[in-house]
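The structure appears right after this line, and notes come after that.
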Amino acid sequence: MPSLISTWTRNSAGARNVVALLILCVASALLSAVPSSAAASNSLCSGYDDCTKRGYADGGYQVNDRESFWGMYPGRNCTNYVAYRLVEGGLSNRRPWSSTGMAYNWGRANHSAMSQTPTAGAVAWWDRGVGGASSAGHLAYVEEVVSSTEIVVSESNWASDFSWRRLTKSGTGWPSGFLRFEDAGPTLRATAPPTISGAFRIGEPHLASSGTWSEQPRKVTYQWFSDGRRIPDANDAAFTPQLRQLGTQLTVEVHAVTPDGRTAVTESPSTSPLAKGTFAKEGSTSINGIVEPNEVLTVAPASVQPLADRTRTRWLVDGKRYLVGPSLELDETLTGHSVSVVTVARSPGYERLRSASPAVRIGGGPSHSRLR
18 MPSLISTWTR
28 NSAGARNVVA
38 LLILCVASAL
48 LSAVPSSAAA
58 SNSLCSGYDD
68 CTKRGYADGG
78 YQVNDRESFW
88 GMYPGRNCTN
98 YVAYRLVEGG
108 LSNRRPWSST
118 GMAYNWGRAN
128 HSAMSQTPTA
138 GAVAWWDRGV
148 GGASSAGHLA
158 YVEEVVSSTE
168 IVVSESNWAS
178 DFSWRRLTKS
188 GTGWPSGFLR
198 FEDAGPTLRA
208 TAPPTISGAF
218 RIGEPHLASS
228 GTWSEQPRKV
238 TYQWFSDGRR
248 IPDANDAAFT
258 PQLRQLGTQL
268 TVEVHAVTPD
278 GRTAVTESPS
288 TSPLAKGTFA
298 KEGSTSINGI
308 VEPNEVLTVA
318 PASVQPLADR
328 TRTRWLVDGK
338 RYLVGPSLEL
348 DETLTGHSVS
358 VVTVARSPGY
368 ERLRSASPAV
378 RIGGGPSHSR
388 LR
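Counted from 1, the sequence shown has number 368 at position 351 by the numbering used here; the numbering is strictly sequential.
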């Protein structure tokens with residue numbers, strides 16, 4: 018089982034021309050029919066969410082797949098994904114050959130980089146019609162080499178989705194060869210990871226720093242995680258955890274981009290497990306009404322933020338529990354006794370908040386006493 022990658026580096030540049038639109042994506046069947054021999058191919062996960070849940074990383078491609086790498090068409094396709102992983106590994110975001118970027122041409126245009134020996138970080142290349150590939154060919158990224166006849170790859174497919182597969186050298190699914198490109202150019206790297214500050218409670222805002230880098234980034238972007246699982250739409254420096262994150266540990270990935278398009282990704286240390294939230298109280302609980310027999314008292318609860326799902330009201334007579342409910346009808350037996358009220362605000366995932374009113378004495382005076 019692979020571990021999630023915490024740091025990658027890449028160079029980035031925009032797509033250069035309309036020709037990129039045609040690169041690889043012209044074949045919608047691009048390895049949607051993966052190697053046809055069942056004995057040669059075993060799916061480990063399919064789709065970003067499924068792969069993340071199973072512990073198979075996408076190298077950050079999900080949040081970057083709208084960009085073009087090596088002039089490939091952005092999105093879910095094998096060439097842009099593999100180019101992204103190579104750029105993440107430190108290669109320039111400039112394709113090292115000038116002819117077509119179609120998958121079948123990667124091996125034909127780079128004979129000197131070709132080998133029949135798989136290595137981690139290499140490009141698995143299928144020529145046209147090999148191993149279930151279409152006439153466009155296919156590419157995958159070698160994540161792990163188990164042996165000379167067994168490898169684990171990750172890939173993105175135009176007609177399918179992001180996935181990981183285990184391949185064995187049997188049947189017809191084995192790649193035509195493996196491409197190993199030389200690293201080039203200086204890489205951006207994190208010199209200190211980002212940190213997360215906050216109360217480490219749900220309902221409280223938490224703020225991620227951008228970390229420090231070997232050179233000043235042009236921009237940074239963020240992705241928050243809960244117990245290693247990506248939190249959808251949590252892409253800002255600030256994040257307020259909700260009930261579903263109670264008890265989990267937060268981390269944040271920071272993606273940095275230099276002015277010339279080189280990028281890197283780094284991850285923060287985990288926070289402590291998130292505790293229950295706390296209510297913020299405004300004002301205090303009080304009693305409304307005339308404090309004389311045969312009158313009715315009501316409660317004005319203290320205002321709390323966030324709003325409580327429910328509030329329990331308990332009336333006390335001479336400091337002892339007397340009645341639960343939003344109002345209290347005063348009968349003659351309460352004359353001369355002191356009455357107070359306690360409210361308790363409750364919401365799932367939050368500590369209870371208790372607020373008590375001052376006590377008032379019932380009757381016994383020369384005139385009615387009205388509260389509020």
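For each residue, glycine too, the CB sits at the ideal point set by N, CA and C.
For the beta strand (DSSP E) that Leu61 lies in, which residues bound it at each end? One-based indexing of the sequence shown puts residue 61 at position 44. That run of the beta strand (DSSP E) goes Ser58 to Ser63.
* Asked: If Gly64 and Asp178 are in contact, beta carbons under 8 Å, what's the gap, nearest whole angstrom?
  -> Your numbering for residue 64 matches position 47 in the sequence shown. Your numbering for residue 178 matches position 161 in the sequence shown. A Cβ-Cβ separation of about 5 Å places Gly64 in contact with Asp178 under the 8 Å criterion.
query: Since Asn305 sits in a beta bridge, which residues does DSSP pair it with?
result: For the purposes of this step, residue 305 is identified with residue 288 of the sequence shown, where counting begins at 1. Its beta-bridge partners are Thr315.
For the beta strand (DSSP E) that contains Thr360, what are its first and last residues?
As a position in the sequence shown, residue 360 is number 343, starting the count at 1. Where Thr360 is concerned, the enclosing beta strand (DSSP E) stretches over Ser355 to Arg363.
request  = Would you be able to state if there are at least three C-beta pairs under 8 Å between the stretch 228 to 247 and the stretch 188 to 199?
outcome  = Counting Cβ pairs under 8 Å, fewer than three are found: no touch.
Worksheet item: Grouping DSSP H, G and I as helix and E and B as strand, with all else coil, what is Arg247?
Response: For the purposes of this step, residue 247 is taken as the residue at position 230 of the sequence shown. When secondary structure is reduced to three states using DSSP, Arg247 falls in the strand class.
- Query: Is it buried or exposed for Leu224, if we count other Cβ within 10 angstroms and need 16 for buried?
  - Reply: Walking along the sequence shown from the start, residue 224 turns up at place 207. Exposed is the call here.
- Item | Inter-residue spacing [alpha-carbon to alpha-carbon] between Leu263 and Val269 | For the purposes of this step, residue 263 is identified with residue 246 of the sequence shown, where counting begins at 1. For the purposes of this step, residue 269 is identified with residue 252 of the sequence shown, where counting begins at 1. Cα to Cα, Leu263 sits roughly 17 Å from Val269.
Among the candidates Val271, Gly300, Asp335 and Thr350, whose CA atom is the shortest distance from the CA of Gly77?
As a first step, residue 77 must be located in the sequence shown, where it is residue number 60. Of Val271, Gly300, Asp335 and Thr350, the residue nearest in Cα terms is Val271.
Q.
For the stretch 211 to 223 against the stretch 156 to 163, do three or more pairs of beta-carbon atoms, one drawn from each stretch, fall closer than 8 Å, so that the two count as touching?
A. Touching, no.
- For Gly106, name the three-state secondary structure that DSSP assigns. In the sequence shown, the residue the question calls residue 106 occupies position 89. DSSP, read as helix, strand or coil, puts Gly106 in strand.
For the pair the stretch 82 to 92 and the stretch 121 to 139, tell me if three or more CB-CB distances fall below 8 Å. No contact exists between the stretch 82 to 92 and the stretch 121 to 139.
Notebook entry, point to check: Nearest to Ser344 by alpha carbon, out of Phe198, Arg331, Ser289 and Gly72?
Noted result: Taking the sequence shown and counting its residues from 1, the one referred to as residue 344 is at position 327. Distance from the Cα of Ser344 is smallest, within the candidate group Phe198, Arg331, Ser289 and Gly72, for Arg331.
* Reducing DSSP to helix, strand and coil, say where Gln259 ends up. => Residue mapping note: residue 259 aligns to position 242 of the sequence shown, counting from 1. Looking at Gln259 - three-state DSSP - the assignment turns out to be coil, as it is neither helix nor strand.
Self-check item: Supposed close pair Ala126, Trp114 - CB separation, criterion 8 Å
Solution: Mapped onto the sequence shown, residue 126 falls at position 109. Mapped onto the sequence shown, residue 114 falls at position 97. Right, their Cβ atoms sit about 4 Å apart.
Sub-8 Å separation of Arg182 and Asn59 beta-carbons: Walking along the sequence shown from the start, residue 182 turns up at place 165. Walking along the sequence shown from the start, residue 59 turns up at place 42. A contact, by the Cβ cut-off of 8 Å.
Quiz prompt | Leu196 versus Ser151 - alpha carbon distance | solution = Start at 1 with the first residue of the sequence shown, and residue 196 comes out as number 179. Start at 1 with the first residue of the sequence shown, and residue 151 comes out as number 134. Going from the Cα of Leu196 to the Cα of Ser151 covers about 19 Å.
TODO: May I ask whether a heavy atom of the ligand HEM can be found less than 7 Å away from the beta carbon of Phe242?
DONE: Only the bare structure without any ligand can be found here, which leaves the ligand HEM out of the picture.
Worksheet entry | Buried or exposed (CB count within 10 angstroms, at least 16 for buried), Arg112 | Stepping through the sequence shown from its first residue, residue 112 is reached at position 95. With 16 or more other Cβ atoms within 10 Å, it is buried.
Are the CB atoms of Val162 and Ala137 nearer to each other than 8 Å? The residue given as residue 162 occupies position 145 in the sequence shown. The residue given as residue 137 occupies position 120 in the sequence shown. Yes, they are a contact pair.
### Task
Classify Thr350 as buried or exposed, calling it buried when 16 or more other Cβ atoms lie within 10 Å of its own Cβ.
By one-based count along the sequence shown, residue 350 stands at place 333. Counting C-beta atoms within 10 angstroms of its own C-beta, Thr350 has fewer than 16 neighbours from the protein chains shown and is therefore classed as exposed.
Counting only the same chain and skipping the five closest in sequence on each side, list residues whose C-beta sits under 6 Å from that of Arg71. Counting from one through the sequence shown, the residue named residue 71 turns up at place 54. Excluding sequence neighbours, Arg71 sits near Cys62.
Is it buried or exposed for Gly194, if we count other Cβ within 10 angstroms and need 16 for buried?
Walking along the sequence shown from the start, residue 194 turns up at place 177. Counting other Cβ atoms within 10 Å of its Cβ, Gly194 reaches 16 or more and is therefore classed as buried.
Local conformation of Glu232 per DSSP, three classes
On the sequence shown, residue 232 is found 215 positions in, with the first residue counted as 1. DSSP, read as helix, strand or coil, puts Glu232 in coil.
Q) Whole-angstrom Cβ separation of Ile304 and Val377, contact assumed at under 8 Å? A) Along the sequence shown, read from residue 1 onward, the residue named residue 304 stands at position 287. Along the sequence shown, read from residue 1 onward, the residue named residue 377 stands at position 360. The pair is a contact, with the Cβ atoms about 6 Å apart (cut-off 8 Å).
Check: From this set, Phe296, Val169 and Ser355, which residue's C-alpha is nearest Arg327's C-alpha?
Finding: For the purposes of this step, residue 327 is identified with residue 310 of the sequence shown, where counting begins at 1. Measuring from the Cα of Arg327, the nearest candidate turns out to be Phe296.
Host beta strand (DSSP E) of Trp175 (start-end): One-based indexing of the sequence shown puts residue 175 at position 158. Here Trp175 belongs to no beta strand (DSSP E), and DSSP marks it neither H nor E.
So, Thr288 versus Leu267, is the Cβ gap smaller than 8 Å? As a first step, residue 288 is located in the sequence shown; it is residue number 271 there, counting from the start. As a first step, residue 267 is located in the sequence shown; it is residue number 250 there, counting from the start. Yes; because the gap between Cβ atoms is below 8 Å, this pair is in contact.
My output table needs one value for Ala130: the three-state DSSP class, helix, strand or coil. By one-based count along the sequence shown, residue 130 stands at place 113. Secondary structure of Ala130 (DSSP, three-state): helix.
Note to self: At the level of alpha carbons, what is the spacing between Val80 and Glu299?
What the structure shows: As a working mapping, residue 80 is identified with position 63 in the sequence shown. As a working mapping, residue 299 is identified with position 282 in the sequence shown. Approximately 41 Å between the Cα atoms of the pair.
Any idea what DSSP makes of Arg338, helix, strand or coil?
Indexing the sequence shown from 1 puts residue 338 at position 321. When DSSP states are grouped into helix, strand and coil, Arg338 belongs to the strand group.
Ala157 - DSSP class collapsed to helix/strand/coil | Here residue 157 refers to the residue found at position 140 of the sequence shown. In the structure shown, Ala157 sits in a strand (DSSP, three-state: E or B).
**Prompt:** Between the beta-carbon of Ser372 and the beta-carbon of Ala317, is there less than 8 Å?
**Reply:** The residue labelled residue 372 in the question sits at position 355 within the sequence shown. The residue labelled residue 317 in the question sits at position 300 within the sequence shown. No, the pair does not count as a contact, with Cβ atoms beyond the cut-off.
(message) If you measure between the beta carbons of Phe198 and Leu291, is that distance less than 8 Å?
(response) Here residue 198 is taken as the residue at index 181 of the sequence shown, counted from 1. Here residue 291 is taken as the residue at index 274 of the sequence shown, counted from 1. Contact flag unset, no.
Can you tell me the Cα-Cα spacing of Ser301 and Ala216, whole angstroms?
Residue mapping note: residue 301 aligns to position 284 of the sequence shown, counting from 1. Residue mapping note: residue 216 aligns to position 199 of the sequence shown, counting from 1. Those two C-alpha atoms are separated by around 24 Å.
Might you give, ordered along the chain, the residues of its own chain that have their beta carbon closer than 7 Å to the beta carbon of Gln259, omitting 5 neighbours on each side?
Stepping through the sequence shown from its first residue, residue 259 is reached at position 242. Once the five neighbours on either side are set aside, the close Cβ partners of Gln259 are Ile219.
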